[in-house]
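Note that my numbering has the sequence shown beginning at 1, numbered continuously upward. The beta-carbon is built from N, C-alpha and C at its ideal position, and this holds for glycine as well. Small disclaimer: the values here were computed from a predicted structure and weren't measured. As C-alpha cells, the structure follows; a few thoughts come after it.
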Amino acid sequence: MRFSLFPFLVAAGALPALSFAAPLAPAVLTLQVQARPDVPNLECERRAPAQPRPAAAANPDPLEVPDEEVVRELADTMQAGAAATSPGALLPAPGARIAIWGDSHLAAAFFSDELARQLKVPADHVSNLLLPANMGRAGVRLPIRRTCVSPQWKYEPAYLGGDKAVAPGPGLVNMTTEQAGASIAWDVRNDKRVANHERVRILYQQTAAPTVVGISVDAAPETQVTLEQQPGPAVLELAADQPISQVRMRLIAGPMRLHGLDLQASRAGKLALDVFGYPGATVAGWKTPQPEYLAAWFGQRDYQLVMLEFGTNEGAARPFDSAAYRRTLEESVRNLRTVFPQAACVLIAPGDRGVLVPQSVNRGKRKGKGKAKAAPKIDLYQYSRVHAEIGRVQREVGAAAGCATWSMMDAMGGPGSAYKWARQSPPLMARDLIHFTVAGYQRFARDFARDMGWTVEATK
Numbered sequence: 001m002r003f004s005l006f007p008f009l010v011a012a013g014a015l016p017a018l019s020f021a022a023p024l025a026p027a028v029l030t031l032q033v034q035a036r037p038d039v040p041n042l043e044c045e046r047r048a049p050a051q052p053r054p055a056a057a058a059n060p061d062p063l064e065v066p067d068e069e070v071v072r073e074l075a076d077t078m079q080a081g082a083a084a085t086s087p088g089a090l091l092p093a094p095g096a097r098i099a100i101w102g103d104s105h106l107a108a109a110f111f112s113d114e115l116a117r118q119l120k121v122p123a124d125h126v127s128n129l130l131l132p133a134n135m136g137r138a139g140v141r142l143p144i145r146r147t148c149v150s151p152q153w154k155y156e157p158a159y160l161g162g163d164k165a166v167a168p169g170p171g172l173v174n175m176t177t178e179q180a181g182a183s184i185a186w187d188v189r190n191d192k193r194v195a196n197h198e199r200v201r202i203l204y205q206q207t208a209a210p211t212v213v214g215i216s217v218d219a220a221p222e223t224q225v226t227l228e229q230q231p232g233p234a235v236l237e238l239a240a241d242q243p244i245s246q247v248r249m250r251l252i253a254g255p256m257r258l259h260g261l262d263l264q265a266s267r268a269g270k271l272a273l274d275v276f277g278y279p280g281a282t283v284a285g286w287k288t289p290q291p292e293y294l295a296a297w298f299g300q301r302d303y304q305l306v307m308l309e310f311g312t313n314e315g316a317a318r319p320f321d322s323a324a325y326r327r328t329l330e331e332s333v334r335n336l337r338t339v340f341p342q343a344a345c346v347l348i349a350p351g352d353r354g355v356l357v358p359q360s361v362n363r364g365k366r367k368g369k370g371k372a373k374a375a376p377k378i379d380l381y382q383y384s385r386v387h388a389e390i391g392r393v394q395r396e397v398g399a400a401a402g403c404a405t406w407s408m409m410d411a412m413g414g415p416g417s418a419y420k421w422a423r424q425s426p427p428l429m430a431r432d433l434i435h436f437t438v439a440g441y442q443r444f445a446r447d448f449a450r451d452m453g454w455t456v457e458a459t460k
C-alpha cells in the first residue's frame with residue numbers, strides 16, 4: 001500500500017497520549033543593525049585550485065543501466081505492493097505548517113519545491129524560514145540566494161551519533177569550528193534578489209567559555225560581538241527596520257557550533273514548509289538528540305504536520321539488520337512524537353533502487369569476441385527486497401506511533417521499477433539507479449500531494 005492513514009491523525013485531540021518535551025528557552029541576544037537596499041551580489045572568496053589527481057585507468061567494462069532484455073532475464077519473483085488507496089485529506093492545504101527531515105532525496109529541494117506548487121503557494125508568498133546548518137554541503141540547495149563557507153568549518157550530522165549528536169540544530173546537523181578567521185556569509189534574498197526578512201536569527205550552542213565573532217550586515221563594517229549567554233541553545237538576533245540582504249559572520253575567538261538560521265519577516269504568511277535534508281543521513285539522527293534541546297528551535301513553529309523521509313542509506317548496509325533498524329526507527333519516531341506531540345506525522349519509505357551491470361552484459365558478448373554469453377548471475381533486486389522490508393517496518397512502526405506512511409517504491413510501481421523509471425523519456429531515475437532526476441522528484445511530489453488529498457484531482 002502506498003499510503004497508510006489512521007483516522008485519529010486528522011484531529012489532534014484524538015491523538016494517543018504522548019510525553020511532551022518542554023523546550024529549553026534559547027538565550028537570545030538582540031543586535032540592532034542597519035539594513036540597506038541594492039546590496040551587490042555576495043561574492044565568495046576563491047579557493048586555490050585543487051591539485052589534479054592522476055587519471056584513473058579506463059574501465060574496459062564500465063557499469064551501466066541494464067537494458068530491458070537483461071532485466072527480463074534476471075527478473076525476480078517479487079510482486080509490487082498493493083494498489084494505492086485514497087487516504088483522504090490529512091491536513092487542510094491553506095496555511096499548513098509543515099516540516100520534513102530526510103536524506104539526499106530532500107537536500108536539493110526538488111521534491112519540496114514541487115510540493116509547494118501543489119499546495120498552490122502564491123509566487124509572492126513570504127515565509128519565515130528555518131534553515132539547517134548544512135550550508136556549503138555538496139548536494140544541498142537552500143531557499144536563499146547564496147552561501148559562502150570558509151574551509152575551516154566541519155559538519156556534525158547527528159545520525160553519526162556520539163556526544164556531538166545530543167544537542168543538534170533543527171536540521172539534526174551542526175557546523176563547528178574553533179579556528180579564528182573562519183567565516184560564513186549568507187545572501188538571504190530570494191532568487192530574484194528580493195529581501196524579505198527583517199530579522200536574521202543565528203542559532204548556535206552557547207558554551208561556558210565566551211565566543212567572540214565579527215558581524216557585518218549588508219556589507220557594512222564589521223561589528224565585534226561577544227557571546228557569553230547561558231550555556232545551551234542560544235540565538236544571536238540581528239534586527240533591522242527593513243529587510244536584510246546579507247550577513248557575514250567571522251570567528252575571532254572561542255568555539256562556534258552553528259545550528260542554523262531562522263529568517264523572520266513581518267509580512268510572513270501562515271504557510272510554512274521547512275526542509276531539513278542532509279546527504280547520507282539516516283533516521284538515527286532522531287535517535288540520539290536530547291528532545292528538550294531539539295525542541296528549543298521549534299517553539300514558534302507550531303507545525304501541523306511533521307514527516308521523516310529516510311531509508312535509502314539504511315538499505316545500503318551490508319548485511320541489512322531488520323531488527324536493529326526497527327529498534328532505531330522506534331526510538332527515533334518516539335523522539336519525534338515527544339518533540340511534536342500535537343502534530344500529525346508521516347513516515348516516507350524509500351523508492352526502488354537498482355543495480356548497474358557491466359556493459360558486456362547488456363551487449364550479450366564477451367569483450368573483444370563475437371561469441372554470445374549468458375548473463376551472469378546478478379541480483380538486480382537486492383536493494384528492492386531491502387527497501388520493501390524497510391517499507392514494511394515503517395508501516396508497522398508508524399501504525400504503533402500514530403503516524404501515516406507513504407511509500408516512494410509503491411508510487412514508482414513496486415520492486416524493479418527503478419529500471420523502468422530510468423528508461424522513461426525524460427528519465428525519472430538518475431544513472432546511478434539510487435537517486436532521481438528533477439522530473440522524478442517532481443513526480444513523487446505530485447503523487448504525494450494527490451494521495452494526501454491536497455490537489456483538485458484528489459477531491460474528484
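Exercise for review: Measure the CB-CB distance between Gln242 and Ala449 and report whether it falls below 8 Å.
Suggested key: no
Exercise for review: Return the CA-CA distance between Ser143 and Arg363, expressed in angstroms with no decimal places.
Suggested key: It is Pro, not Ser, that sits at residue 143 in the sequence shown. Near 44 Å, if we compare the C-alpha coordinates of Arg363 and Pro143.
Check your understanding: Using a Cβ-Cβ distance under 8 Å, would Pro49 count as near chain C?
Key -> Looking at the structure shown, chain C is missing, and only one protein chain is on hand.
**Study point:** Nearest residue (CA-CA) to Ala401, options Asn59, Leu347, Gly280 and Leu160
**Key:** Cα-wise, what sits closest to Ala401 is Leu347.
Point to revise | Three-way DSSP call (helix, strand, coil) for Ile390 in this model | key: helix
**Study point:** Cut-off 8 Å between Cβ atoms - residues of its own chain near Lys367, not counting five sequence neighbours on either side
**Key:** Per-residue confidence for Lys367 stands at a pLDDT of 48, beneath the threshold of 50, marking its modelled position as unreliable; the derived number appears in the next sentence. The beta carbon of Lys367 sits closer than 8 Å to the beta carbons of Pro60, Asp61 and Ser360 from its chain, once the five residues preceding and following it are set aside; these are given in chain order.
Practice item. Could you pull out every residue in the same chain whose Cβ sits closer than 8 Å to the Cβ of Pro427, ignoring the five residues on either side in sequence? Key: The answer, listed in chain order, is Trp421, Thr437, Ala439 and Gly440.
Exercise for review: Write down the C-beta distance between Ala99 and Val306 rounded to the nearest angstrom, noting that I regard them as a contact closer than 8 Å.
Suggested key: 5 Å
Check your understanding: What are the partner residues of Lys287, as DSSP defines its beta bridges?
Key -> Paired residue(s): none; Lys287 is not in a bridge.
Point to revise | C-beta atoms of Met429 and Ala418 nearer than 8 Å | key: yes
Check your understanding: What's the gap between the Cα of Thr85 and the Cα of Met452?
Key -> Reliability fails at Thr85, whose pLDDT of 40 lies under 50, so the model's placement of it is uncertain and no value is given.
Review point. Based on Cα-Cα distance, which residue from Gly169, Val212, Val71 and Lys377 lies nearest to Ala182?
Key: Answer by Cα proximity: Val212.
Review point. Straight-line CA distance for Arg481 to Arg97?
Key: Given that the chain is displayed from residue 1 to residue 460, the structure contains no residue 481 and the question cannot be resolved.
Practice item. Leaving aside the five residues before and after Gly391 along the sequence, list all residues of the same chain whose C-beta is less than 8 Å from its C-beta, in chain order. Key: Gly81, Gly311, Ala349, Pro350, Thr405, Ser407, Met409 and Asp410
Exercise for review: Please work out which residues of its chain come closer than 6 Å, Cβ to Cβ, to Gly214, disregarding the five sequence neighbours upstream and downstream, and give them in chain order.
Suggested key: Glu222, Gln224, Arg250 and Ile252
Practice item. Kindly list the residues whose CB is nearer than 7 Å to the CB of Arg72, restricted to its own chain and excluding five residues on each side of it in sequence; keep chain order. Key: Leaving aside the five residues that flank Arg72 on each side, none in its chain has a CB nearer than 7 Å to its CB.
Review point. Using 8 Å as the threshold, is the segment 380-389 in touch with the segment 333-345, meaning 3 or more CB pairs across them?
Key: Segments in contact, no.
**Study point:** Sequence-distant residues of its chain with Cβ nearer than 7 Å to Asp67 (five each side left out)
**Key:** Asn362
Practice item. Rounded to whole angstroms, what's the CA-CA distance from Gln424 to Met412? Just pull it up for me. Key: 12 Å
Check your understanding: Looking at Thr176 and Glu198, is the spacing between their C-beta atoms short of 8 Å?
Key -> no
Review point. Closest to Val173 by CA distance: which of Arg193, Leu203, Val121 and Asp187 is it?
Key: Leu203
Exercise for review: Please determine, among Val397, Glu314 and Gly416, the residue with the shortest C-alpha to C-alpha distance to Leu356.
Suggested key: Gly416
**Study point:** Residues near Gly171 by beta carbon distance below 7 Å, same chain, minus five either side
**Key:** Pro132, Ala133, Asn134, Gly260, Phe276 and Tyr278
Practice item. Would you tell me roughly how many angstroms separate the C-alpha atoms of Ala58 and Leu433, rounded to the nearest one? Key: 21 Å
Review point. How many angstroms separate the CA atom of Asp103 from the CA atom of Arg248?
Key: Rounded to whole angstroms, Asp103 to Arg248 spans 28 Å at the Cα level.
Point to revise | Residue from Ala138, Arg189 and Val235 with nearest C-alpha to Gln206 | key: Val235
Point to revise | DSSP-derived helix/strand/coil call for Gln442 | key: In the structure shown, Gln442 adopts helical secondary structure according to DSSP, grouped into three states.
Review point. Within 10 angstroms of its Cβ, does Gln304 collect 16 or more other Cβ (buried), or is it exposed?
Key: Burial is judged here by how many other beta carbons sit within 10 angstroms of a residue's own beta carbon; Gln304 has at least 16 and is buried.
Review point. Quick one: what does DSSP say Gln359 is sitting in, helix, strand or coil?
Key: Gln359 falls in the helix class under three-state DSSP.
Review point. Should Thr282 be labelled buried (16 or more other beta-carbon atoms within 10 Å of its own) or exposed?
Key: By the neighbour-count definition (other C-beta atoms within 10 Å, threshold 16), Thr282 is a buried residue.
Exercise for review: Ignore the nearest five residues each way along the sequence and tell me which others in Pro210's own chain have a CB closer than 7 Å to its CB.
Suggested key: Thr226, Leu227, Glu228 and Gly254
Practice item. Using the Cα positions of Ala219 and Val39, report the straight-line distance between them to the nearest angstrom. Key: 8 Å
Exercise for review: Take the Cβ of Pro168 as the centre, count every other Cβ of all protein chains shown within 10 Å, and call the residue buried at 16 or more, exposed below.
Suggested key: buried
Review point. In or out: Asn196 buried (at least 16 other Cβ within 10 Å) or exposed?
Key: Asn196 should be labelled buried.
Review point. What are the boundary residues of the beta strand (DSSP E) that includes Thr437?
Key: Run containing Thr437: none; DSSP gives neither H nor E here.
Review point. Is Val173 helix, strand or coil by DSSP?
Key: Secondary structure at Val173: strand, using DSSP grouped into helix, strand and coil.
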